[in-house]
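Undergrad: Quick one: structure below, then a few questions.
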Amino acid sequence: MKRFFVIDWSLVFSFVLSAYSGIELHIAGHGTSHEVWHNWAVFHVLTSLTFLVFAVLHVQGHWAWYKGWLKRGLGSKSRITALLSIIFLLVTLTGIILLSVEGGNSSIGLWHYRIGLLVTFASIGHIAKRWSVLKKSLN
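The sequence shown begins at 1 in my numbering and counts up by one.
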């Protein structure tokens, strides 16, 4: 399997863990056990950092597309990918801010959750559109 597809599959796996743990973290925030919330928070930070590393590697692999986007603008097929990139940047920035503030029940935490849901849905669409190519990479 080519290095690029190893990165893509790792990105998909870490995305699933990050999205799932973020939703579980939000649900745990409505519960009564701080320990459960804390465990989900630690797991979410670790899986999200892993996701971020693979996302950076993925963007590096597509750097020519980004340079073309800046030079020529967006084509009709690139709008979703560009939107995903912008939303991902926002969720990453709010996540980094949360590392330096008391995130539980904060307004920035709620914004991070909402933007996280947006990036989750956009990512699912991005993956679904490329699923056949990903599956072929396993052969």
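Note that the Cβ used here is the ideal one computed from N, Cα and C, for glycine as well.
Using a 10 Å radius around the Cβ and a threshold of 16 neighbouring Cβ atoms, would you call residue 19 buried or exposed?
TA: Start at 1 with the first residue of the sequence shown, and residue 19 comes out as number 19. Buried, because 16 or more other Cβ atoms sit within 10 Å of the Cβ of residue 19.
Undergrad: Run through the region 14 to 62 for me and flag every whole beta strand (DSSP E) of 3 or more residues, listed as ranges in chain order.
TA: For the region 14 to 62, not a single whole beta strand (DSSP E) run of length 3 or above is found.
Undergrad: Just to confirm my understanding: we take residue 105, look at its own chain, exclude 5 residues before and 5 after, and list those with CB closer than 8 angstroms. What are they?
TA: For the purposes of this step, residue 105 is identified with residue 105 of the sequence shown, where counting begins at 1. Result list for residue 105: 29, in chain order.
Undergrad: With a CB to CB cut of under 7 angstroms and the five nearest residues on each side skipped, what residues in its chain are close to residue 98?
TA: Here the question's residue 98 lines up with position 98 in the sequence shown. Contacts found: 108, 109 and 112.
Undergrad: Suppose the cutoff is 8 angstroms on Cβ atoms and the five residues either side in sequence are ignored; what does the same chain contact list for residue 114 look like?
TA: Position 114 of the sequence shown, counting from 1, holds the residue named residue 114. Nothing listed; no residue qualifies.
Undergrad: Report the option in 62, 49 and 80 whose CA atom is closest to the CA atom of residue 93.
TA: The residue you call residue 93 lines up with position 93 of the sequence shown. Checking every option, the nearest Cα to that of residue 93 belongs to 49.
Undergrad: Are the region 1 to 10 and the region 54 to 65 touching by the rule of at least three beta carbon pairs closer than 8 angstroms?
TA: Touching, per the Cβ criterion.
Undergrad: For the alpha helix (DSSP H) that contains residue 107, what are its first and last residues?
TA: Locating residue 107 in the sequence shown gives position 107, where the first residue counts as 1. 107 to 129 is the span of the alpha helix (DSSP H), which, as asked, contains residue 107.
Undergrad: For residue 6, does the three-state DSSP call read helix, strand or coil?
TA: The residue you call residue 6 lines up with position 6 of the sequence shown. The answer is helix: DSSP assigns residue 6 an H, G or I state.
Undergrad: Hey, could you find the ends of the alpha helix (DSSP H) residue 85 is sitting in?
TA: The residue you call residue 85 lines up with position 85 of the sequence shown. Taken as a continuous stretch (DSSP letters only), the alpha helix (DSSP H) holding residue 85 covers 79 to 99.
Undergrad: Using a Cβ-Cβ distance under 8 angstroms, would residue 71 count as near chain D?
TA: No chain D is present in this structure, which holds just one protein chain.
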